[in-house]
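Asks: Below is the structure I would like to discuss, written out as structure tokens.
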Amino acid sequence: MPKLRRIESRQDGQPGNDGTGSPSEPPTDGELLARAVDGDLDAFNEFVERHQRAVIALCTGILRDASLAEDVAQDAFIRAWKNLPSFQGESARSWLLRIATNRCLDLLRQRNRQATDSLDAQIVESEPRWTTQMPSESPEAEAERVELNDRLEAALADLPDDQRIALVMADVLGYDYLDVAELTGAAMGTVKSRISRARARLRSALLADTASREHFERYVRP
Amino acid sequence: MNDEHNPGQHQTAEGQRSPRDCPPFETLSLFFDGELDAAEAAKVEAHVASCDSCQAVLDDLRLIRQALRVSTPVASTRPFRLTPDDVRETRPVLQPVKPDTSAPARRLTRLTIPYVPALTAVAALLLIAIIAGDVISGDDGPGSGPTPTAGAADVIVIDGTPILTTEEDRDGNFGAAASTPMSGQTANDGSESIESASKSDPFWDWWRIGEALLIVILLGLLVTALLQRRSRRSASRNRA
Numbered sequence: 011m012p013k014l015r016r017i018e019s020r021q022d023g024q025p026g027n028d029g030t031g032s033p034s035e036p037p038t039d040g041e042l043l044a045r046a047v048d049g050d051l052d053a054f055n056e057f058v059e060r061h062q063r064a065v066i067a068l069c070t071g072i073l074r075d076a077s078l079a080e081d082v083a084q085d086a087f088i089r090a091w092k093n094l095p096s097f098q099g100e101s102a103r104s105w106l107l108r109i110a111t112n113r114c115l116d117l118l119r120q121r122n123r124q125a126t127d128s129l130d131a132q133i134v135e136s137e138p139r140w141t142t143q144m145p146s147e148s149p150e151a152e153a154e155r156v157e158l159n160d161r162l163e164a165a166l167a168d169l170p171d172d173q174r175i176a177l178v179m180a181d182v183l184g185y186d187y188l189d190v191a192e193l194t195g196a197a198m199g200t201v202k203s204r205i206s207r208a209r210a211r212l213r214s215a216l217l218a219d220t221a222s223r224e225h226f227e228r229y230v231r232p
Numbered sequence: 177m178n179d180e181h182n183p184g185q186h187q188t189a190e191g192q193r194s195p196r197d198c199p200p201f202e203t204l205s206l207f208f209d210g211e212l213d214a215a216e217a218a219k220v221e222a223h224v225a226s227c228d229s230c231q232a233v234l235d236d237l238r239l240i241r242q243a244l245r246v247s248t249p250v251a252s253t254r255p256f257r258l259t260p261d262d263v264r265e266t267r268p269v270l271q272p273v274k275p276d277t278s279a280p281a282r283r284l285t286r287l288t289i290p291y292v293p294a295l296t297a298v299a300a301l302l303l304i305a306i307i308a309g310d311v312i313s314g315d316d317g318p319g320s321g322p323t324p325t326a327g328a329a330d331v332i333v334i335d336g337t338p339i340l341t342t343e344e345d346r347d348g349n350f351g352a353a354a355s356t357p358m359s360g361q362t363a364n365d366g367s368e369s370i371e372s373a374s375k376s377d378p379f380w381d382w383w384r385i386g387e388a389l390l391i392v393i394l395l396g397l398l399v400t401a402l403l404q405r406r407s408r409r410s411a412s413r414n415r416a
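Top to bottom, those sequences are chains H and V. With the numbering used here, letter number 182 in the first sequence gets 192, and the count goes up by one each step, no holes. With the numbering used here, letter number 75 in the second sequence gets 251, and the count goes up by one each step, no holes.
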């Protein structure tokens, strides 16, 4: 069963999902959104609080920039509030994550337009980020790690947006293919193909020879 | 260790390829994610157990996954709470690039980025072509359209008689010896009714207006292109 649905069932499947829950049980997503539709901002904020980690993780994984991800997540929450009337009672979490995914895609398209319009815009593409902490590493080792990180980010940036998003959802966020299909609005066959192609491209860009593979192994599995 | 997985070819531990079929890369990718049905997964698992090449592919997929995970920035944990101001705000929050301080330049950049250079080039070429045409035909300014004959001659009509005149005629010797009646007709010296054929032709009036408009448009496009360039530089500085 898809992970999103499992999570959903834990939240929406609790007593009170039909709107008649006892006061001691926390309200379900559906109840919170129903109150939010009536203008209850506190109820909406409770819904946001419940899912913000997933939304921010999604945006951070796709955009590879924590600060930018915060902005996009905030924007997605505001969009969700404004689109409450269009919420059809589907999975609330998937609905919110879909809005966030679309906002990330909007931003990536905007970046691509700027990049094709001006070579300067490519400077903002990415910064080196490698979260593995290595307190005792030498300057040479640090330089090598940064170089590997740059290669990884460059290879990721070279992927088409749809392939990168599908790969990040599967490999970084741990979503299954059905969730990826639901969040990106793509068919299952398309999702399979995107993930496979993205992996093949990363593999040939990063692990083309034994030396590269050993370098990555050393830093990924310290 | 092999560097490329070739579907349909099996690589043994000794590095020799046998005709035994390996599953395609996509199937291994699905197997890696647990997205194959039980029967197919069992088949792939049995194959992988005896295939160094496929094992290497799966190792690479693991390595890529781990590299992606450790290199992904730590997600922010700050709490989000929308305020009434946030939801009243109509301005889009999504503004990754710092706004340019030059509002007109920004507007122009947004509206005309793909077209300004091309339009400017086309307008400039048109203008050059028109001016070159004027120079070649000897036209010398507004109000005196191109002549129907070659050189610096012009046609005037005196009492209904068309007369070919030269440059000197227009410079002050109008109606003197340099004037040549056309088609053997004789000019009537007593007539005061003199009009230029070119001046009376509305086509050449519109031609002049078109030229003037083209110049204005060209100047506008050049200014737009300059503002746009300045705006881009400013935006780049802001991003940096």
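The C-beta atom is built at its ideal place from N, Cα and C for all residues, glycine as well.
So which of H/Asp75, H/Pro36, H/Leu162, H/Glu152 has the shortest CA-CA distance to H/Ala215?
Replies: Of H/Asp75, H/Pro36, H/Leu162, H/Glu152, the residue nearest in Cα terms is H/Leu162.
Asks: So H/Leu68 and H/Phe57 are supposed to be a Cβ contact under 8 Å. How far apart are they, rounded?
Replies: 16 Å between Cβ atoms; not a contact.
Asks: Using the beta-carbon count (16 or more within 10 Å), is H/Val230 buried or exposed?
Replies: Answer is buried; the Cβ neighbour count reaches 16.
Asks: For V/Asp312, does the count of other Cβ atoms within 10 angstroms reach 16, so buried, or fall short, so exposed?
Replies: The residue you asked about is not Asp; residue 312 of chain V is Ile in the sequence shown. Classification for V/Ile312: exposed.
Asks: Within 9 Å (strictly less), CB to CB, does H/Phe226 reach chain V?
Replies: With 9 Å as the cut-off, H/Phe226 counts as an interface residue toward chain V.
Asks: Work out the CA separation of H/Leu158 and V/Arg245 for me, nearest whole Å.
Replies: Using only the alpha carbons, I get a separation of about 14 Å.
Asks: According to DSSP, is H/Ala210 helix, strand or coil?
Replies: DSSP places H/Ala210 in helix when its eight states are reduced to three.
Asks: Whole angstroms are fine: how far does the CA of H/Leu94 sit from the CA of H/Trp105?
Replies: If you take the alpha carbons of H/Trp105 and H/Leu94, they lie about 10 Å apart.
Asks: Enumerate in chain order the residues of its own chain whose CB-to-CB distance from V/Leu295 is below 7 Å, with the five nearest sequence positions on each side excluded.
Replies: Only Leu397 meet the Cβ criterion.
Asks: Which runs of the alpha helix (DSSP H), 4 residues or longer, sit entirely within the segment 36-121 of chain H?
Replies: Entirely contained in the segment 36-121 of chain H, the alpha helix (DSSP H) runs reaching 4 residues are, in chain order, 39-47, 51-73, 76-92.
Asks: Within the 9 Å Cβ cut-off, does H/Glu154 reach chain V?
Replies: Taking Cβ atoms only, chain V never reaches closer than 9 Å to H/Glu154, which makes this a no.
Asks: Can you tell me where the alpha helix (DSSP H) with H/Pro149 in it begins and where it stops?
Replies: 149-168 is the span of the alpha helix (DSSP H), which, as asked, contains H/Pro149.
Asks: Cα separation between H/Arg74 and H/Asp52?
Replies: Approximately 30 Å, taken between the alpha carbons.
Asks: So which residues of chain V does H/Leu217 contact, with C-beta pairs closer than 8 Å?
Replies: Ordered by position in chain V, the residues that pass the 8 Å Cβ test against H/Leu217 are Asp179, Asp236, Leu239, Ile240.
Asks: For the alpha helix (DSSP H) containing H/Val182, name the first residue and the last one.
Replies: No alpha helix (DSSP H) contains H/Val182, which DSSP labels as neither H nor E.
Asks: Can you tell me which of the three DSSP states V/Glu387 falls into?
Replies: Helix at V/Glu387.
Asks: Would you be able to state if there are at least three C-beta pairs under 8 Å between the segment 82-94 of chain H and the segment 191-204 of chain H?
Replies: Not touching, per the Cβ criterion.
Asks: Starting from H/Ser206, find everything on chain V with Cβ-Cβ shorter than 7 Å and list it in chain order.
Replies: Residues of chain V passing the Cβ test: Phe201, Glu202, Ser205.
Asks: Between the alpha carbons of V/Phe201 and H/Glu224, how many angstroms are there, rounded?
Replies: Using only the alpha carbons, I get a separation of about 22 Å.
Asks: For a test of the three-state rule: what should DSSP assign to V/Glu211, helix, strand or coil?
Replies: Note: V/Glu211 maps to coil in three-state DSSP.
Asks: Which whole-angstrom value is the C-beta distance of V/Phe208 and V/Leu234, which I expect to be below 8 Å?
Replies: At roughly 6 Å, the Cβ-Cβ gap stays under 8 Å, so V/Phe208 and V/Leu234 are in contact.
Asks: Are at least three pairs of beta-carbons, each pair with one atom in the segment 249-263 of chain V and one in the segment 75-82 of chain H, less than 8 Å apart?
Replies: Yes: the two stretches touch, three or more of their Cβ pairs being nearer than 8 Å.
Asks: Any Cβ of chain H within less than 9 Å of the Cβ of V/Thr248?
Replies: Yes, V/Thr248 lies at the interface with chain H (some Cβ there is under 9 Å from its Cβ).
Asks: Shortest alpha-carbon distance to V/Ile304 belongs to which of V/Leu390, V/Pro378, V/Val292, V/Ala217?
Replies: Checking every option, the nearest Cα to that of V/Ile304 belongs to V/Leu390.
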